[in-house]
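Since the structure comes first, as structure tokens, the remarks are kept for the end.
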Amino acid sequence: MRAAILAIFVISPSLHAQDADLAAKLRTLDAGTIVLGPVREPPLASMLRREVQSDLKAAVVRETQAWEKVTTRDAWEAFRAERLKRFEASLGTFPDPPKPLKIRVTGSHQGDGYVVDNVVFESRAGIFVTANLYRPAKPAASMPGMIVVHSHIQPKNIGYRQDMGMTWARAGCVVLIPDLIGHGERRQHPFRDLKDYPKPFAPGRQDYNFRYDSSLQFYLMGDSLMGWIVWDLRRCVDFLLAQPGVDARRIVMFSEPAGGGDPAAVTAALEPRIAGVLVNNFGGPQPETPYPLPKDAEISFDFAGNGSWESTRNLHRSARDGFQPWFILASLAPRQLLYYHEFYWDRDGDPVWTRLQKAYDFYGAKDRLLGLAGHGFVVGKEPLNTHWIAYSREMAYPHLQRMFAIPDPKKEYSQRLPESKLECLTPDLVKEWKIGPAHLEAAKEADQRLANARAMIAKTPPPQRREKLRTQFAEVLGDVKPRTPTVVRTVNETLGDVAVEKIHLRMEPGVVVPMILLKPNVKQPPIVVGLAQGGKQGFLTHRSAEIAQLLKLGVAVALPDLRGTGESSPGDARDRGAPITAISASALMVGEPLVGRRLRDLRGLLAYLRTRSDLSPRFGLWGDSFAPVNGPTRELHVPYGIDNRPAPSEPLGGLLALLGALHEEDVQVLGIQGGLSDFRSVLDSPFVTIPHDVVLPGQLRIADLPDLVATLSPHPIWLSGLVDHQNRSATPKHLELIYRIARTAYQNRPSLRIGASDGETMARWLAKHLVPVGK
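Just add 524 to wherever you are in the sequence shown, counting from 1, and you've got my numbering.
Structure representation (structure tokens):
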């Protein structure tokens, strides 16, 4: 049959016209929602959000039930220990702390009763912290050490941070104010001021916005942005303890609103040397939370929080593994905790406050737990609210005196220096210590982790490699075991001699996958399943000619909208502020990445197709992307907040095709168009163009895309039109370099094709490996 069909396809002059006619009909085929009886199903665009929100709520209920059973100190400490262990593991893997700490003072400034030093120290190999150290002009024999954790916007040396350092140094403290990674002198982008880009943009927001790019890179290598921040802050404790006269029993962490409370709370929870912490806007009601809280807040309060692009606010697996924000604060008991709210706070209605009191009661230490609040709301400005003005900080003075014997300055001191005077890096030091971008140091670590993974796979006999990778990927994909799908509704149509079925498959409660199944007029045809973010409509619009060829060659085509794709996509936007990004981040909180959920759909879909007696259980997977590619002259290094930023890539189709073939033995052939060349190279630039929902935290600890291809040898695989990490057409040189491991595994068999191939179409490639010769 295969030979006959191919011969007809080549020699018949009328067949191309028939294909064109069928392709035109396919382009106009309505791929929309099927009406289910008299009531239309709720919009599928909201399905994924509802599903993930339900998962979050279920996690909160489980944790609340577990918490209610904690009634003794012993039970609490066992509860805490288990969760802290999972908590620390979620942040990543880190090296041993450097000993001794490599420190350089690059400048000093004398003030009235204080001295400020510009310091640089190495927190891990190749990673350097820039910080200002404020110390008393006349140091005492025993002094508190304080670390100020800045917000997610401005760096260490802005005016009011200087005020904080000067005030507490004059009061007898040694105060360290570091730049968090990605901020200030540690920024990961080149846009420091308006001179750095020809079009208008907001320089003050770039450090904050580029956190998104860094977070995706750290996730890929198996770490997290929060983990790297916390590591640096723990080394700040090392730094303070190395200063003469600093009292190890009085290490205090003080956070700012707008993001400082997140890393301060996490660091204090994992760093027992911190004696107390002021945590700003973390754990309980947020500035955006309605005030007052509802009467049923103990039941309705959002204890886990919700995902967003700002990864330090929605920690990976936090909902699943029980280290929700309230727990992070409660785990500090019985150390000193100032639970601070920038604006109005509904103390009596706050269920997190109730939980904190319970934890501190286990130690008889309620006097070490203090709630503080300003006034007003997040909208407006002083005097209507207390948006981190001097008054807000002065409220803490008497409590710091009681807790840590820090003399109360009464009023904040201010004698600000030019911000440039407090910069720490010098050209000579940068050259001497070879200080470079953090993403390149992360890339070196990712290379080592990937090399270790490849060495482990190489030791595994080839027949067991697929099973080993499946086991390892289970750690990052979550539950991918297929459910038993049920057909909700089918609508039958025809396009000439092509049968068209519009099917809704219920994959699991609350999840429906709409699919179009196109069947040629042949007995038991094999099936190609098309996978792309654009879903069935994207294939019909952009690949109608190839689909028509497959049908003429006797191959059925299944075009599903896996959850969150095509018809069930929450929107077309793919950037950091897109709805899909927030949903994807929430999915990480419950340990079920969207890639894993979509793989579960794919496997369920294949299970359904196997039950069809009118189809052959011979499958090909066609992963595709319809995203525009950034051309060779496209400017790629641009700031956030401008129009017409570089187009993001869309690697989902290719990634799912490879993972589907890894998990399903009866997949015969793969075709991938427009896919990503590899994930490792995403760490080569501070500018990231892959979307959030294709990132699997820890993937580069297991395998990159070329490793998946190698493991599937000798299955026929064609990789066509791949793009690089910045969504440009990947060069042949780049592809040959990174796919050497796959070439070796295939022993140069023609069943692995990379790049263009003598005019052959994807349809012909898929068909010739699916239609048996002589059938």
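Note that beta-carbon positions come from the ideal geometry of N, C-alpha and C, so glycine has one too.
Cβ contact annotation for valine 754 (same chain, cutoff 7 Å, sequence separation greater than five): Leu615, Pro787, Val790, Thr791 and Leu794, in chain order. Under the DSSP definition of a beta bridge, asparagine 642 partners with Gly631 and Asn656.
The straight-line gap separating the alpha-carbon atoms of glutamine 1271 and histidine 840 is approximately 39 Å. Contact between the region 733-742 and the region 631-643 is absent, with fewer than three C-beta pairs closer than 8 Å.
One thing to note: glutamate 646 has its Cβ no nearer than 9 Å to the Cβ of proline 679.
Burial is judged here by how many other beta carbons sit within 10 angstroms of a residue's own beta carbon; glycine 1283 has fewer than 16 and is exposed.
The region 873-922 contains, as complete alpha helix (DSSP H) runs of 4+ residues, the segments 875-885 and 914-918 (chain order).
DSSP, reduced to helix, strand and coil, places serine 614 within a helical segment of the structure shown. With a cutoff of 9 Å on beta-carbon distance, arginine 758 and proline 663 are scored as not near each other.
In this structure the region 1213-1233 touches the region 1167-1178; the number of beta carbon pairs closer than 8 Å is three or more.
For the region 1194-1280, the full-length beta strand (DSSP E) segments reaching 3 residues or more read 1241-1244 and 1276-1278 along the chain. About 12 Å separates the beta carbons of serine 675 and proline 811, which is beyond the 8 Å limit, so they are not a contact pair.
Cβ-Cβ separation between glycine 728 and valine 698: approximately 29 Å, too far for a contact (criterion under 8 Å).
A contact between stretches requires three or more CB pairs, one per stretch, nearer than 8 Å, and the region 1094-1113 fails this requirement with the region 1222-1231. Taking a 10 Å sphere around the C-beta of histidine 1161, we find fewer than 16 other C-beta atoms and assign the residue as exposed. Nearest in C-alpha terms to leucine 896, of all of Asp872, Arg711 and Gly904, is Asp872. Glutamine 1192 sits in a strand when the DSSP states are folded into three classes. Lysine 968 carries a helical assignment under DSSP once its states are collapsed to helix, strand and coil.
Between the alpha carbons of alanine 548 and threonine 1268 lies a distance of about 42 Å. Membership of phenylalanine 997 in the alpha helix (DSSP H) is indicated by the continuous run 986-1001.
Comparing C-alpha distances from arginine 711 to each of Glu906, Glu947, Phe763 and Pro875 shows the shortest one belongs to Glu947. Taking each of Glu1159, Val803 and Gly1078 in turn and checking the Cα distance to tyrosine 863, the smallest one comes out for Val803. For arginine 1252, the CB contacts under 6 Å within the same chain, skipping 5 residues up- and downstream, are Asn1154 in chain order. Rounded to the nearest angstrom, the gap between the Cα atoms of threonine 1018 and glutamine 1048 is 17 Å.
Close CB contacts of leucine 749 within its chain, under the 7 Å cut and outside five residues either way in sequence, are with Arg735, Ser738, Ser739, Phe742, Ser835 and Thr836 (chain order). Relative to tryptophan 833, the option among Thr1105, Arg1142, Tyr684 and Leu1183 whose CA is nearest is Thr1105. In the DSSP assignment, threonine 1018 falls within the unbroken beta strand (DSSP E) covering 1010-1019. Judged by DSSP secondary structure, glutamine 860 falls within the beta strand (DSSP E) whose first and last residues are 860-865. Taking 8 Å as the upper bound for CB-CB distance, leucine 894 and tyrosine 884 are not in contact here, some 10 Å apart. DSSP lists Val776 and Gln860 as the bridge partner or partners of glycine 800. Residue environment for proline 922: exposed (fewer than 16 other C-beta atoms within 10 angstroms of its C-beta). Under DSSP, alanine 1291 shares a beta bridge with no residue. Measuring C-alpha to C-alpha distances from aspartate 826 to each of Gly1144, Ser578 and Ser1205 identifies Ser578 as the nearest. For aspartate 932, the three-state secondary structure derived from DSSP is coil. Residue burial is scored here from C-beta neighbours: valine 1233 has at least 16 other C-beta atoms within 10 angstroms and is therefore classed as buried.
By the CB criterion at 9 Å, proline 1094 and valine 1037 fall outside the cutoff.
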